[in-house]
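Numbering (the working numbering), first residue to last: 1 to 149.
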């Protein structure tokens with residue numbers, strides 16, 4: 001730890017930027033529903049698929065996918081790690097707690113399942129981060145218009 005830096009402040013920063021296990025999308029049925037009926041947004045190297053559904057509690061879960069055509073396991077895992085890190089650092093751009101709560105127009109809360117998928121494996125980390133941020137902003141605007149209008 002650097003001189004003059006308190007341990008509590010460094011822990012708080014780390015907590016705000018965590019990506020908890022509960023935020024990761026899991027389950028074959030939920031993946032199948034994402035691939036069968038979802039909204040798709042594309043950038044040259046990354047694709048975002050998301051689906052909104054009624055739920056008892058508001059939730060937001062995300063998955064990161066790289067298909068086998070993008071190289072061996074080492075390459076695919078590196079790309080997934082880069083996507084998770086970009087998402088973890090910029091997750092504030094995709095937080096939707098206010099939009100997911102029940103309102104006077106609907107009694108149910110909403111659940112958002114999202115999936116980031118690599119389209120092209122020849123992407124560097126800065127370009128990946130830029131494209132993911134663009135997709136998160138576009139997705140958030142699309143969700144806001146869908147929820148409110």
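The C-beta atom is built at its ideal place from N, Cα and C for all residues, glycine as well.
Note that the structure is predicted; figures quoted are calculated from it, not measured.
Among the residues of its own chain, which have a CB less than 6 angstroms from the CB of residue i, if the five just before and after it don't count?
i: residue 120; result: 45
i: residue 52; result: 110 and 112
i: residue 47; result: 117 and 119
i: residue 125; result: 82
i: residue 114; result: 50 and 62
Over the uninterrupted beta strand (DSSP E) stretch that includes residue i, give me the two end residues.
i: residue 113; result: 109-118
i: residue 46; result: 46-55
i: residue 42; result: 39-42
Can you find the residues in the same chain that come closer than 7 angstroms, C-beta to C-beta, to residue i, ignoring five residues on each side of it along the sequence?
i: residue 17; result: 88 and 89
i: residue 71; result: 121
i: residue 34; result: 49, 51, 113 and 115
Can you tell me whether DSSP reads residue i as helix, strand or coil?
i: residue 125; result: helix
i: residue 95; result: coil
i: residue 17; result: coil
Determine the extent of the alpha helix (DSSP H) in which residue i is found, giving its start and end residues.
i: residue 59; result: Element bounds for residue 59: not the alpha helix (DSSP H) but the beta strand (DSSP E), 59-65.
i: residue 23; result: Here residue 23 belongs to no alpha helix (DSSP H), and DSSP marks it neither H nor E.
i: residue 77; result: 73-89
Please return the same chain residues whose Cβ sits closer than 8 angstroms to the Cβ of residue i, not counting the five positions on each side in sequence.
i: residue 24; result: 61, 62 and 63
i: residue 84; result: 19 and 64
i: residue 93; result: 133, 136, 137 and 140
i: residue 129; result: 86, 89 and 90
Taking 9 angstroms as the threshold (beta carbon to beta carbon), is residue i in contact with chain C?
i: residue 140; result: Chain labels in this structure do not include chain C; a single protein chain is all it has.
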